[in-house]
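The structure appears right after this line, and notes come after that.
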Ligand SMILES: [Zn+2]
């Protein structure tokens with residue numbers, strides 16, 4: 005039980021401390037959204053009126069998403 009909790013906290017910490025090292029991207033779930041974003045606070049996501057979802061880059065591409073024009 006205690007070990008599980010520690011592992012959970014550790015994974016949260018790792019996810020928070022190395023956002024650029026992961027292959028996760030952010031997508032808006034709106035019907036007109038066709039892009040994915042590296043940053044959750046990207047300008048392209050400001051217009052999102054629905055939930056922003058964090059998914060893997062691979063999953064985003066499988067959905068037919070392309071990189072947002074505001075990204076590097
Ligand atoms: Zn973007």
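Residue numbers (my numbering): 5 to 76. Glycine included, each C-beta is placed from N, C-alpha and C at the ideal position.
- Item | Cβ neighbour criterion (16 or more within 10 Å) applied to residue 49 | By the neighbour-count rule (16 or more Cβ atoms within 10 Å), residue 49 is buried.
- Tell whether a beta-carbon distance below 8 Å holds between residue 34 and residue 52. At a Cβ-Cβ threshold of 8 Å, residue 34 and residue 52 count as neighbours.
- Verify whether the separation of the beta carbon atoms of residue 36 and residue 70 is less than 8 Å. With respect to the 8 Å criterion, residue 36 and residue 70 are not classified as neighbours on the basis of their beta carbons.
- Message: For a quick check, are the C-beta atoms of residue 75 and residue 42 less than 8 Å apart?
- Response: Closer than 8 Å, so yes.
- Out of curiosity, what's the CA-to-CA distance linking residue 65 and residue 27? The straight-line gap from Cα to Cα measures roughly 12 Å.
- Item | Three-state class that DSSP yields for residue 26 in the structure shown | Annotated three-state conformation of residue 26 is coil, per DSSP.
- Query: Which value, in whole angstroms, describes the spacing of the CA atoms of residue 6 and residue 12?
  - Reply: Taking the straight line joining both Cα atoms gives about 10 Å.
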